[in-house]
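2 protein chains.
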Amino acid sequence: MNKVPVLEIFGPTVQGEGMTIGQKTMFIRTAGCDYQCSWCDSAFTWNGTEKQNINWMTAEEIWNTLYELGGDTFSHITISGGNPALLPSLGPVVDFLKEKGMTLALETQGSKWQSWLPLIDEVTLSPKPPSSGMDTDFTILENIIDHLKNHPKVCLKIVIFDEKDLAYAEIVHQRFPQLPLYLQVGNSWLEADDESLLQYLLKRYEWLIDQVMKSTVFKNVKVLPQLHAYVWGNKRGV
Amino acid sequence: MNKVPVLEIFGPTVQGEGMTIGQKTMFIRTAGCDYQCSWCDSAFTWNGTEKQNINWMTAEEIWNTLYELGGDTFSHITISGGNPALLPSLGPVVDFLKEKGMTLALETQGSKWQSWLPLIDEVTLSPKPPSSGMDTDFTILENIIDHLKNHPKVCLKIVIFDEKDLAYAEIVHQRFPQLPLYLQVGNSWLEADDESLLQYLLKRYEWLIDQVMKSTVFKNVKVLPQLHAYVWGNKRGV
Ligand code: SF4
Ligand code: SF4
Numbered sequence: 001m002n003k004v005p006v007l008e009i010f011g012p013t014v015q016g017e018g019m020t021i022g023q024k025t026m027f028i029r030t031a032g033c034d035y036q037c038s039w040c041d042s043a044f045t046w047n048g049t050e051k052q053n054i055n056w057m058t059a060e061e062i063w064n065t066l067y068e069l070g071g072d073t074f075s076h077i078t079i080s081g082g083n084p085a086l087l088p089s090l091g092p093v094v095d096f097l098k099e100k101g102m103t104l105a106l107e108t109q110g111s112k113w114q115s116w117l118p119l120i121d122e123v124t125l126s127p128k129p130p131s132s133g134m135d136t137d138f139t140i141l142e143n144i145i146d147h148l149k150n151h152p153k154v155c156l157k158i159v160i161f162d163e164k165d166l167a168y169a170e171i172v173h174q175r176f177p178q179l180p181l182y183l184q185v186g187n188s189w190l191e192a193d194d195e196s197l198l199q200y201l202l203k204r205y206e207w208l209i210d211q212v213m214k215s216t217v218f219k220n221v222k223v224l225p226q227l228h229a230y231v232w233g234n235k236r237g238v
Numbered sequence: 001m002n003k004v005p006v007l008e009i010f011g012p013t014v015q016g017e018g019m020t021i022g023q024k025t026m027f028i029r030t031a032g033c034d035y036q037c038s039w040c041d042s043a044f045t046w047n048g049t050e051k052q053n054i055n056w057m058t059a060e061e062i063w064n065t066l067y068e069l070g071g072d073t074f075s076h077i078t079i080s081g082g083n084p085a086l087l088p089s090l091g092p093v094v095d096f097l098k099e100k101g102m103t104l105a106l107e108t109q110g111s112k113w114q115s116w117l118p119l120i121d122e123v124t125l126s127p128k129p130p131s132s133g134m135d136t137d138f139t140i141l142e143n144i145i146d147h148l149k150n151h152p153k154v155c156l157k158i159v160i161f162d163e164k165d166l167a168y169a170e171i172v173h174q175r176f177p178q179l180p181l182y183l184q185v186g187n188s189w190l191e192a193d194d195e196s197l198l199q200y201l202l203k204r205y206e207w208l209i210d211q212v213m214k215s216t217v218f219k220n221v222k223v224l225p226q227l228h229a230y231v232w233g234n235k236r237g238v
């Protein structure tokens, strides 16, 4: 039986970032990642701390859980990780959810191709900048982007912590100018209380805006915060 | 000589709301509106208080001002009002800016058609809910939407202050289910200091999220705040 390692299913809630910011959606969070970003905000999906919570689920079990939570209030689902694109077994889940009439969004760093990726309605590729400690394999990323070239909704999203990350984002933008680019404020303060976090994030957002506004490379880009951190702080599962 | 009444040109800055939230863009704000919404946050465009600041400008003058402000840092321009769709004279401006390679966004309440509307890359139609004190002419709105039916980027945006506004948004959504719908938190506190405003807006945003999450009518919609109010409070021209 085809099963997928799932760590969290929650919603309906609002997507707080990126291409579908503000979207009413359900979340499915899969376990496992081929990266270990220094600032990963979902390290529990891959560092073993929640191994015992991984639920191996069939497409139907996933659908039933979604429906129990959301009833008749949703038609949009976001698949997140970890890196969901590690999982060939997501294919049947994607098929199942599409048959139910759902719109699907997915985020991956772009380190693995899966044949089911073109069936995702909204694909966010989020290559990781230097501050993550990870290296981008541009051959693989380029290959994925090439495979998705007729897809109407693919975008790039890069989290920015510092100047080096911005320089990396410039390179990515110049390499793939055809793709909409979202620059997102990094949240490196995962322990903050809500009030201080909000002030800190707004300062970082202003900094990023200032950098991008004067740039002649970033002409037609989007600069966004993580809205959910404004509303819910660092809380999980909302 | 074809001229347009302009009240403000500023940027580059970030679009704080709606379909292009986060977008790096220049703003052109035209004078004049056929509505008088009770909570209009740009009443100075139509209530006479800044009549002396209206600048009648040609397309080339507008472009020169944009270029003086933004130099080589931008390729996206937002035309806002007032209601810019009152102005047939915007046609030559739209042509001029498109020839310069610009991507154009525009917002209008959808009370007037102009032949240049299909040339706008990103059209936001924002019919006004009951709290505005205005009535929607659905025949005109439907006609505009029909004329734009092959346009790839048209959306509806409705500002929500209360339950009646939500009920209105449900009707609009059911009437035009094919159009992406953005529900936006209304800011009725234009006199607030920045700190209190932020807390107030976050509360209102949470309220709106709660309402939409339990709705079976709003399944696939986007719920957004006005980001610029978070960052810049009620300041103008940023
Ligand atoms: S790719 Fe994403 S999930 Fe994986 S380690 Fe990096 S931030 Fe975390
Ligand atoms: S339509 Fe827009 S500009 Fe005109 S009065 Fe209403 S809010 Fe103000």
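From first to last, the protein sequence lines are chains S and X.
Residues in the first sequence are numbered from 1 upward in steps of one, following UniProt numbering.
Residues in the second sequence are numbered from 1 upward in steps of one, following UniProt numbering.
Don't be surprised by glycine CBs; every beta carbon is placed ideally from N, CA and C.
Going straight from the alpha carbon of residue i to that of residue j, what length do you get?
| i | j | result |
| --- | --- | --- |
| N220 (chain S) | K164 (chain X) | 37 Å |
| G82 (chain X) | T49 (chain X) | 13 Å |
| L117 (chain S) | V123 (chain S) | 8 Å |
| K112 (chain X) | F10 (chain X) | 25 Å |
| G71 (chain X) | F218 (chain S) | 13 Å |
| I160 (chain S) | I171 (chain S) | 13 Å |
| G32 (chain X) | A85 (chain X) | 10 Å |
| I54 (chain X) | C40 (chain X) | 18 Å |
| L141 (chain S) | V4 (chain X) | 46 Å |
| T78 (chain X) | V94 (chain X) | 11 Å |
| I28 (chain S) | E61 (chain S) | 12 Å |
| G91 (chain X) | P127 (chain X) | 22 Å |
| D135 (chain S) | P129 (chain S) | 8 Å |
| S131 (chain X) | S42 (chain S) | 41 Å |
| D194 (chain S) | K203 (chain X) | 14 Å |
| Q178 (chain S) | L66 (chain X) | 24 Å |
| A169 (chain S) | I158 (chain S) | 7 Å |
| Y35 (chain X) | D137 (chain S) | 54 Å |
| N143 (chain S) | T139 (chain X) | 48 Å |
| F176 (chain S) | E107 (chain S) | 17 Å |
| Q109 (chain X) | S38 (chain S) | 46 Å |
| E17 (chain X) | T20 (chain S) | 13 Å |
| W56 (chain X) | N150 (chain S) | 44 Å |
| D162 (chain S) | S188 (chain S) | 11 Å |
| L201 (chain X) | V231 (chain S) | 10 Å |
Within the same chain, show all residues whose beta-carbon is closer than 6 Å to that of residue i, passing over the 5 residues directly before and after it, in chain order.
| i | result |
| --- | --- |
| Y205 (chain X) | V185, P225 |
| F74 (chain X) | P12, M26 |
Taking CB distances under 8 Å as the criterion, tell me whether residue i reaches chain B.
| i | result |
| --- | --- |
| D72 (chain X) | Of the chains in the structure shown, none is chain B; the protein chains are S and X. |
Can you name, in chain order, every residue of its own chain whose Cβ lies under 7 Å from the Cβ of residue i, other than the five neighbours on each side?
| i | result |
| --- | --- |
| M1 (chain X) | T58 |
| V223 (chain S) | L183, L208, I209, V212 |
| G233 (chain X) | D194, L197 |
| K24 (chain S) | P12, V14, F74, H76 |
| L166 (chain S) | I160, Q211 |
| L119 (chain X) | V94, K98 |
| G133 (chain X) | C37, S38 |
Start and end of the beta strand (DSSP E) containing residue i?
| i | result |
| --- | --- |
| Y182 (chain S) | 181-185 |
| F44 (chain X) | Here F44 (chain X) belongs to no beta strand (DSSP E), and DSSP marks it neither H nor E. |
| L106 (chain X) | 103-108 |
| H76 (chain S) | 76-80 |
| L125 (chain X) | 122-125 |
| F10 (chain S) | 4-14 |
| C155 (chain X) | 154-160 |
| V223 (chain S) | 222-224 |
| T25 (chain S) | 24-30 |
Which two residues bound the contiguous alpha helix (DSSP H) that contains residue i?
| i | result |
| --- | --- |
| E99 (chain X) | 90-99 |
| E50 (chain S) | Premise fails: E50 (chain S) is in no alpha helix (DSSP H) and is neither H nor E. |
| G231 (chain S) | Note on residue identity: the sequence assigns Val, not Gly, to residue 231 (chain S). Counting along the chain, the alpha helix (DSSP H) containing V231 (chain S) begins and ends at 227-232. |
| N64 (chain S) | 59-70 |
| T139 (chain X) | 138-147 |
| E170 (chain X) | 163-175 |
Hey, would you say the C-beta of residue i is under 7 Å away from at least one heavy atom of ligand 3?
| i | result |
| --- | --- |
| V172 (chain X) | Among the ligands modelled here, namely ligand 1 and ligand 2, ligand 3 does not occur. |
Suppose the cutoff is 8 Å on Cβ atoms and the five residues either side in sequence are ignored; what does the same chain contact list for residue i look like?
| i | result |
| --- | --- |
| H173 (chain X) | L156, L181, V217, F218, V221 |
| W63 (chain S) | F96, L97, K100 |
| D121 (chain X) | T103, L104, A105, K153 |
| T45 (chain S) | L7, R29, T30, A31, G32, C33, G81, G82 |
| G22 (chain X) | V14, Q15, L227 |
| L87 (chain S) | V4, P5, T30, G32, Q114 |
| L69 (chain S) | I9, F10, G11, P12, M26 |
| N47 (chain X) | Q36 |
Open item on the list: Any residue with its Cβ nearer than 7 Å to a heavy atom of ligand 2 should be included. What is that list in chain order?
Closed with: X:C33, X:Y35, X:Q36, X:C37, X:C40, X:D41, X:S42, X:A43, X:T45, X:W46, X:G81, X:G82, X:N83, X:Q109, X:K128, X:S132, X:M134
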